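Report on the structure given below.
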Amino acid sequence: MATKRFLVPVDGSEYAMRALRYAIGRARESQAEIHVLHVEPPPLYQEARLYAMREDIARIHQEAHQRLLQDAVAELQQAGVPHASHLAEGEVANAIAQFADSQRMDEIIMGTRGMTAFGQMLMGSVASRVVHFVKIPVTLLK
Numbered sequence: 060m061a062t063k064r065f066l067v068p069v070d071g072s073e074y075a076m077r078a079l080r081y082a083i084g085r086a087r088e089s090q091a092e093i094h095v096l097h098v099e100p101p102p103l104y105q106e107a108r109l110y111a112m113r114e115d116i117a118r119i120h121q122e123a124h125q126r127l128l129q130d131a132v133a134e135l136q137q138a139g140v141p142h143a144s145h146l147a148e149g150e151v152a153n154a155i156a157q158f159a160d161s162q163r164m165d166e167i168i169m170g171t172r173g174m175t176a177f178g179q180m181l182m183g184s185v186a187s188r189v190v191h192f193v194k195i196p197v198t199l200l201k
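Sequential numbering of the sequence shown, starting at 60, is according to the numbering used here.
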């Protein structure tokens, strides 16, 4: 039997960390591996993207995202659960769904709220959009 693969999207919120802790418990029970994914959303304006493409800003962004993943990776290392961390860019719900499909994840475990309520108001809940985009089970945690 193949090892189960859980995807846990992380954004630095407490909801994401709760989902990660839940996934760790599930992974221990089923000897699964956990893949944490952070998605950098596209800028709201194309002009902002031109500035963001400057090498120094891009490097700063990359370092910030790596630090964000470090907290999740530290929890996984402490728990002794097989894991990997990933960065992606794009519309968050689509990027999560595409990653889950391309990497053949068995389940997505994620929080129901993210870092910004304003972003949810503008784009709808990322979690609810992911549920509609994927064919695999999605466990949502408050």
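The C-beta atom is built at its ideal place from N, Cα and C for all residues, glycine as well.
None of the values given here were measured: they were computed from a predicted structure.
Discussion item. Tell me which residues share the same chain as Val132 and place their Cβ nearer than 8 Å to its Cβ, disregarding the 5 neighbours each side in the sequence.
Written reply: If you number the sequence shown from 1, residue 132 lands on position 73. Short of 8 Å from the beta carbon of Val132, and not among the five residues preceding or following it, lie these beta carbons of its own chain, in chain order: Val95, His142 and Ser144.
Fill in: Close beta carbons around Val140, own chain, < 6 Å, minus the five adjacent residues each side
Start at 1 with the first residue of the sequence shown, and residue 140 comes out as number 81. These residues qualify, in order along the chain: Ile83, Ala86 and Ile93.
Practice prompt. Taking Val189 and Ala152 to be in contact with their CB atoms under 8 Å, please state how far apart those CB atoms are, rounded to whole angstroms.
Written response: As a working mapping, residue 189 is identified with position 130 in the sequence shown. As a working mapping, residue 152 is identified with position 93 in the sequence shown. The Cβ separation is near 5 Å, so the contact holds.
Worksheet item: Would you call the stretch 159 to 169 and the stretch 62 to 71 touching, i.e. three or more CB-CB distances under 8 Å?
Response: yes
Worksheet item: Excluding the five sequence neighbours on either side, which residues of its own chain have a C-beta within less than 7 Å of the C-beta of Ala91, listed in chain order?
Response: Residue mapping note: residue 91 aligns to position 32 of the sequence shown, counting from 1. So the list reads Thr62, Lys63, Arg64, Phe65 and Arg85, once near-sequence residues are dropped.
Practice prompt. Tell me the start and end of each unbroken beta strand (DSSP E) in the stretch 131 to 200 that is at least 3 residues and wholly inside, in chain order.
Written response: 142 to 148, 166 to 170 and 197 to 200
Discussion item. Using a Cβ-Cβ cutoff of less than 7 Å, which residues in the same chain neighbour Leu199 once the five nearest sequence positions on both sides are dropped?
Written reply: To locate residue 199, count along the sequence shown from 1; it is residue 140. Counting only Cβ-Cβ distances below 7 Å, and skipping sequence neighbours, we find Met169, Thr171 and Ala186.
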